Each structure stands twice: as C-alpha cells, then as structure tokens.
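>
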Amino acid sequence: FQSAARDFASRSQSASLLGSFFTADDWYTDADSNVYELPTFLGNHDMGRIGNFVRVDNAGAAETELVQRDRLAHELMYLSRGNPVVYYGDEQGFTGAGGDQLARQTMFASQVPEYLQDDLLGTDSTHAVANFDPTHPLYQAISGLAGLTKEHPALRDGAHQSRYASDGPGIYAFSRVDRAEQREYIVALNNSETAQSAAIPTFMSDNGFARPYGQGPDTASTGADRALLLTVPALSTVLFF
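Residues are numbered in the working numbering as their position in the sequence shown, beginning at 1, plus a constant of 49.
Laid out in structure tokens, this is it:
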C-alpha cells in the first residue's frame, strides 16, 4: 500500500495502477484473515516520511502543492480499506532527509544538527522548538479524516470496491459499503494537477447522494445508467453517500 499510495499521490502515476493494486486484494484472503485487517501506512521510522517522499518526488514545487499531495495521500489511506497508521510528526509536516535515524525527529525541541536543517511542510516552524500545533494544516486534515471515519463507520469497515480509474493521472474512485446499513459511499480522488471529471458507476439508479467531504456541489444524483457524474478538483478528494 505504501508504494501504491506514494506513486498515486506524490508521483501522479496512472490512476489505473492504483486500481490494479486494490483489485489484487483477494491475495490477502485466507481461512481466518483478510486485507481489511492489515495496517496501512505512508512511511515509518525505517523507510522515511511521506513528507520527504513528497518533497523529493516534486522538487521545485510550491509549498502549497506539497501539502496538497501529502493530504491526498492521507485521504487515500483513511478512506480506503485497512487500518491507517500515522507516523508521529507527519501531522506536523515533519520531513527528514531520509530513512532510519534521519526520520526519527522528536516532537520536543531538538538539538540534533541534522534535524535542525529539516524544512517542515505547511509551517515556518523548525525542530529547534516543540511541535504540537493543532492548527497545522496537516493536523487539521488528518484530524478531520479521523472524525469523518468515526462518524461514518462504513469508511473504516465497509467493503471496498474499485469503481473507476483513469488511464493516466486523474481519478481513482471506489465504493465503501457497510454490511448492516447497505449504504454506498463513493470516494473519488484526483492526482492530476487540474480538475478532472468522470462518470462513476454505482449500485443505485435515480438515486440522490450528499457530499460530507471535499469541495463541489452539496448533492449529486445518478440517472437510469446508475452513474454518478463528478468533478474532482486538482490534487484532492470528494466523498458522496
């Protein structure tokens, strides 16, 4: 998952590659476990942080874009199947310069010379001071995603079904469906640097959907063909149910 998420959110590789990754989920099914039980993560203390991957993959990009790509990776992790794991400090824009000890910054003020050189995402702060800022844009984004999945349990435990994938940078969309409620959630992520539109297949014809997350119209509906026509802003995610 980590590699697929980086390729999609940070490197803007074809959305179809991400779709193929999720299509292979049955490989993780055996007599007493499945892919829904597995932890998912974007980086860790050994390989390095998602903030560093985003910066390396998009050298010269504006800070705004780097934060958008970091947030997009977290949206994918929180809204898709599995159990999301946030490496401490990612919510404060920690980057580091690599893996292992270069990715083990303290949340408290540091005196480590290598850490003091880090350029954090989404903030002017440095590791010379403690970083526990609940107003940081990534803290706000991750906290919001955690609250969203708590309010809508299907986004944590519901069946994950791929619905649409662009043949290049663009939209990857999937459904989450709770076994008890049988309500379909449509998640659409766009890894392109421009807004993208797509007709997303759903289970229901002539059905109305509301948008609890993302930017765009508050409502959308399917026609007789059961397709939900969505426009997803650049490097962002929309959710309808």
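Even glycine gets a Cβ: it sits at the ideal position worked out from N, Cα and C.
Source: prediction; values computed, not measured.
Helix, strand or coil for Ala273, going by three-state DSSP, please let me know.
Locating residue 273 in the sequence shown gives position 224, counting from the first residue. Three-state result, Ala273: coil.
> Here's the rule: buried if 16 or more other CB atoms are within 10 angstroms of the residue's CB, otherwise exposed. What is Ala247?
For the purposes of this step, residue 247 is identified with residue 198 of the sequence shown, where counting begins at 1. So Ala247 ends up on the buried side.
> Please find out if some non-hydrogen atom of the ligand GTP comes closer than 6 Å to the beta-carbon of Lys199.
For the structure depicted, the ligand GTP is absent and the ligand set is empty, with no information on it obtainable.
> Can you pull the DSSP bridge partners for Gly97?
In the sequence shown, residue 97 corresponds to position 48, counting from 1. For Gly97, which the question treats as bridged, DSSP gives the partners Asn93.
> Under three-state DSSP, which class holds Leu169?
The sequence position of residue 169 within the sequence shown is 120, counting from 1. Leu169 falls in the coil class under three-state DSSP.
> Please give the ranges of any beta strand (DSSP E) in the stretch 179 to 244, keeping only runs that are unbroken, at least 3 residues long and fully inside the region.
Here the runs fully enclosed are 208 to 214, 220 to 226 and 233 to 239.
> What does the alpha-carbon distance come out to for the pair Gln264 and Leu279?
Locating residue 264 in the sequence shown gives position 215, counting from the first residue. Locating residue 279 in the sequence shown gives position 230, counting from the first residue. One C-alpha to the other measures close to 11 Å.
> Where does Gly265 fall in DSSP's three states?
Locating residue 265 in the sequence shown gives position 216, where the first residue counts as 1. Correct three-state label for Gly265: coil.
> Taking 7 Å as the threshold (C-beta atoms), are Tyr136 and Gly92 in contact?
Taking the sequence shown and counting its residues from 1, the one referred to as residue 92 is at position 43. Taking the sequence shown and counting its residues from 1, the one referred to as residue 136 is at position 87. Against a cut-off of 7 Å, the Cβ pair of Tyr136 and Gly92 comes out as a contact.
> By how many angstroms is the C-alpha of Asp267 removed from the C-alpha of Met253?
Residue 253 sits at position 204 when you count from the first residue of the sequence shown. Residue 267 sits at position 218 when you count from the first residue of the sequence shown. Distance between the alpha carbons of Met253 and Asp267: 18 Å.
> Considering only DSSP beta bridges, list what Ser246 is partnered with.
Taking the first residue of the sequence shown as position 1, residue 246 is located at position 197. According to DSSP, which records beta bridges pairwise, Ser246 is partnered with Thr280.
> Of the residues Ser174, Ala222, Gly109 and Leu238, which one's Cα is nearest the Cα of Phe157?
Here residue 157 refers to the residue found at position 108 of the sequence shown. The option with the nearest alpha carbon to Phe157 is Ser174.
> With respect to the beta strand (DSSP E) encompassing Leu288, which residues constitute its N-terminal and C-terminal limits?
Walking along the sequence shown from the start, residue 288 turns up at place 239. From DSSP, the beta strand (DSSP E) with Leu288 extends over Ser285 to Phe289.
> What are the start and end residues of the beta strand (DSSP E) that includes Val134?
Mapped onto the sequence shown, residue 134 falls at position 85. Its beta strand (DSSP E) spans residues Asn132 to Val134.
> Note down, in chain order, each residue of its chain lying with its Cβ closer than 8 Å to the Cβ of Asp56, except the 5 sequence neighbours on either side.
Taking the sequence shown and counting its residues from 1, the one referred to as residue 56 is at position 7. Only Gln62, Leu66 and Leu67 meet the Cβ criterion.
> Once DSSP output is grouped into helix, strand and coil, what is the label at Phe57?
Counting from one through the sequence shown, the residue named residue 57 turns up at place 8. It is helical.
> From Gly147, Tyr85, Trp76 and Leu87, pick the residue whose C-alpha is nearest to that of Met96; which is it?
Here the question's residue 96 lines up with position 47 in the sequence shown. Measuring from the Cα of Met96, the nearest candidate turns out to be Gly147.
> Look at the alpha carbon of Glu233 and the alpha carbon of Ser224, and state the distance between them as a whole number of angstroms.
Within the sequence shown, numbered from 1, the residue matching residue 233 stands at position 184. Within the sequence shown, numbered from 1, the residue matching residue 224 stands at position 175. Cα-Cα distance, rounded: 6 Å.
> Buried or exposed for Arg228, going by 16 or more other Cβ atoms inside 10 Å?
Residue numbering aside, residue 228 sits at position 179 when the sequence shown is read from its first letter. Flag for Arg228 reads exposed.
> Starting from Phe70, trace the alpha helix (DSSP H) both ways and give me its first and last residue.
Here residue 70 refers to the residue found at position 21 of the sequence shown. Taken as a continuous stretch (DSSP letters only), the alpha helix (DSSP H) holding Phe70 covers Ala64 to Thr72.
> Specify the secondary structure class of Phe258 as computed by DSSP and reduced to three states.
Stepping through the sequence shown from its first residue, residue 258 is reached at position 209. Three-state DSSP puts Phe258 in a strand.
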